[in-house]
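Data block below; observations after.
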């Protein structure tokens, strides 16, 4: 039985947290994790460089952190836009949403300590996303290269400037 969408503020509908990537199991392990700004760019610029790269790479090679899904859904509620909700949920239905677990939490602690000791901290949400991508050895796709470049061992690509 398919999961029923949850209703957020203003009647905006979300898929349940347990559903991911149209309820399918990935056939091929993902290579990339999209940051929030890349998903936003794909929505704003459906014929832009990032959207074209997503199409070339294929949905089965791309993932989104549950942290990014949370940010996207917050943006929907903040704007109260049914159209934006539809566009975001369409993308989330296509791409695997990876859960944030204990392994990622260990990477978070290591990265935060390294960056704070070096006097180059990054924002907490970006730290969660970086830890998630690095712990799974995925390339983080972001337009915020300057911030994420501080994270040791994190692979980064910018598809907006591709």
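Numbering (full-length UniProt numbering), first residue to last: 1 to 162. Even glycine gets a Cβ: it sits at the ideal position worked out from N, Cα and C.
Rounded C-alpha distance that separates residue i from residue j
| i | j | result |
| --- | --- | --- |
| residue 33 | residue 41 | 14 Å |
| residue 160 | residue 28 | 24 Å |
| residue 134 | residue 81 | 33 Å |
| residue 16 | residue 52 | The predicted model places residue 16 with a pLDDT of 43, which falls under 50 and marks its position as unreliable; any figure quoted below should be read in that light. Distance between the alpha carbons of residue 16 and residue 52: 28 Å. |
| residue 55 | residue 102 | 31 Å |
| residue 89 | residue 39 | 11 Å |
| residue 118 | residue 137 | 23 Å |
| residue 47 | residue 91 | 15 Å |
Beta-carbon proximity check, residue i vs residue j, cutoff 7 Å
| i | j | result |
| --- | --- | --- |
| residue 35 | residue 125 | no |
| residue 130 | residue 148 | yes |
| residue 63 | residue 98 | yes |
| residue 76 | residue 84 | yes |
| residue 140 | residue 122 | no |
| residue 30 | residue 73 | no |
Residue burial classification, residue i (beta-carbon count within 10 angstroms, cutoff 16)
| i | result |
| --- | --- |
| residue 106 | exposed |
| residue 120 | exposed |
| residue 113 | exposed |
| residue 14 | Confidence in residue 14 is poor, its pLDDT being 41 and thus under 50, which makes the residue's placement unreliable; the coordinate value appears in the next sentence. When all chains shown are included, residue 14 counts as buried. |
| residue 59 | buried |
| residue 109 | exposed |
Same chain only: Cβ atoms within 7 Å of residue i, ignoring 5 sequence neighbours per side
| i | result |
| --- | --- |
| residue 57 | 32 |
| residue 127 | 108, 111 and 112 |
| residue 104 | 131, 132 and 135 |
Cβ shell of residue i (< 6 Å), same chain only, five flanking positions each side left out
| i | result |
| --- | --- |
| residue 66 | 97, 99 and 100 |
| residue 68 | 36 |
| residue 153 | 134 |
Nearest-angstrom beta carbon gap, residue j and residue i [assumed within contact, 8 Å]
| i | j | result |
| --- | --- | --- |
| residue 115 | residue 146 | Rounded, the Cβ-Cβ distance is 13 Å, inconsistent with contact. |
Close Cβ partners of residue i (< 8 Å) along its chain, the five nearest in sequence each way excluded
| i | result |
| --- | --- |
| residue 49 | 159, 160, 161 and 162 |
| residue 144 | 35, 37 and 126 |
| residue 44 | none |
| residue 95 | 21, 34, 59, 62, 63 and 64 |
| residue 78 | none |
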